[in-house]
Amino acid sequence: MNKDFSLHRVHTFAFYGFAKSLTLHKNDRIDAYKLAYYGKVMEKKPNMYPEDLALRALVKRREYLVQQLSDEKRHQKQTHDGAMILNIQDHQRYLENSIQALEVLIEAHLQKNTQLQEKCSRLMSVPGIGKTIAAKLLVTLPELGDATYTLSTLAALVGLAPYGRDSGDFQGKRFIRGGRKIPRDALYMAVLTGFHKIPLLKNLKERLLQKGKPCKVALVACMRKLLAIIHSILKRKVCFA
Numbered sequence: 003m004n005k006d007f008s009l010h011r012v013h014t015f016a017f018y019g020f021a022k023s024l025t026l027h028k029n030d031r032i033d034a035y036k037l038a039y040y041g042k043v044m045e046k047k048p049n050m051y052p053e054d055l056a057l058r059a060l061v062k063r064r065e066y067l068v069q070q071l072s073d074e075k076r077h078q079k080q081t082h083d084g085a086m087i088l089n090i091q092d093h094q095r096y097l098e099n100s101i102q103a104l105e106v107l108i109e110a111h112l113q114k115n116t117q118l119q120e121k122c123s124r125l126m127s128v129p130g131i132g133k134t135i136a137a138k139l140l141v142t143l144p145e146l147g148d149a150t151y152t153l154s155t156l157a158a159l160v161g162l163a164p165y166g167r168d169s170g171d172f173q174g175k176r177f178i179r180g181g182r183k184i185p186r187d188a189l190y191m192a193v194l195t196g197f198h199k200i201p202l203l204k205n206l207k208e209r210l211l212q213k214g215k216p217c218k219v220a221l222v223a224c225m226r227k228l229l230a231i232i233h234s235i236l237k238r239k240v241c242f243a
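In the working numbering, the protein residues as written are 3 to 243.
Listed below in structure tokens is the structure:
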């Protein structure tokens, strides 16, 4: 792609609704106008550079193999056939070696990219966030630290924004849904450790539980608070203190 142009991947459903709101007419000329107008008025996501895309591919591949390893461990517990157990164990060793090899490649990519390395160091200053979680967050949620994105927008991207189900006098329960699974899972793992090391998260959880909120609601609130913390430190280019 020419360096004078930026690339933006449009969410299919978002653009479909936007296009329908303009006109129901459809032909090549009108479709081109809709795309151009959408690009002009809507917020664009940060560009992903080739090295970022390569790192994201490695992170996603590692995530896939970790899930496979988890599945194989579960299969081993469910089988009693000796030959099958040996086969599963062989596959587990292969997966573990592959995951380690990918972690080496991920580390090498971070070392080559100064900007990503600096962001990674800032994220790792937050208790509960190690190099693996930091890499997941940076490449699957590049909007982190971008001042044009509010916490509400980021929460929606990750799937931590509660959606209402109200109609008239009826007030239904609010649910989170959708969003990007990998950064959401990374925040979940970070929060489990952060409870013991970040007083802000611990106090928030205890306060919500005392109010009678379900444990999962308190957990999601803490994940959202952690998202706010890391977004702030990347935006201000500081470390957690």
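Each residue gets a CB set at the ideal place from its N, CA and C atoms; glycine is no exception.
Setting aside the 5 residues that flank it on each side, Leu229 is surrounded in the same chain by Leu153, Leu156, Ala157, Val160, Leu162, Leu189, each with a C-beta closer than 8 Å to its C-beta; the list follows chain order.
The beta carbon of Tyr151 sits closer than 6 Å to the beta carbons of Glu145 from its chain, once the five residues preceding and following it are set aside; these are given in chain order. Collapsing the DSSP output to three states places Ser169 in a strand. Pairwise C-beta distances place the segment 78 to 96 out of contact with the segment 107 to 123, as fewer than three of them are shorter than 8 Å. In this structure, DSSP gives Phe177 an extended state, which the three-state scheme calls strand. Runs of the alpha helix (DSSP H) lying entirely within the segment 13 to 63 and spanning at least 4 residues, in chain order: 14 to 24, 30 to 43.
Contact between Leu55 and Ile108 fails: their C-beta atoms lie close to 13 Å from each other, not under 8 Å.
Collapsing the DSSP output to three states places Asp148 in coil. For the pair Ile184 and Thr142, the CB atoms are nearer than the 7 Å cut-off.
The straight-line gap separating the alpha-carbon atoms of Met191 and Ser72 is approximately 15 Å. Following the DSSP letters along the chain, one finds Leu228 inside the alpha helix (DSSP H) bounded by residues 217 to 238. Pairing Ala137 with Val193 gives a Cβ-Cβ distance that is not under 7 Å.
By the Cβ neighbour-count rule, Glu208 is exposed, with fewer than 16 other Cβ atoms within 10 Å of its own. A direct Cα-Cα distance of roughly 8 Å separates Arg179 from Tyr165. Within the segment 79 to 152, no run of beta strand (DSSP E) at least 3 residues long lies entirely inside it. Ser100 and Leu236 have their C-alpha atoms roughly 31 Å apart. Of the residues assessed, Met225 falls on the buried side of the cut-off, its CB having 16 or more other CB atoms within 10 angstroms. The DSSP-derived three-state label of Leu67 is helix. Going by C-alpha positions, Pro216 is about 44 Å away from Thr25.
The beta carbon of Gln117 is closer than 6 Å to none in its chain, skipping five residues each way along the sequence. The Cβ atoms of Val128 and Phe242 sit closer than 7 Å to each other.
Shown here, Ala163 sits in coil according to DSSP, grouped into three states, outside any helix or strand.
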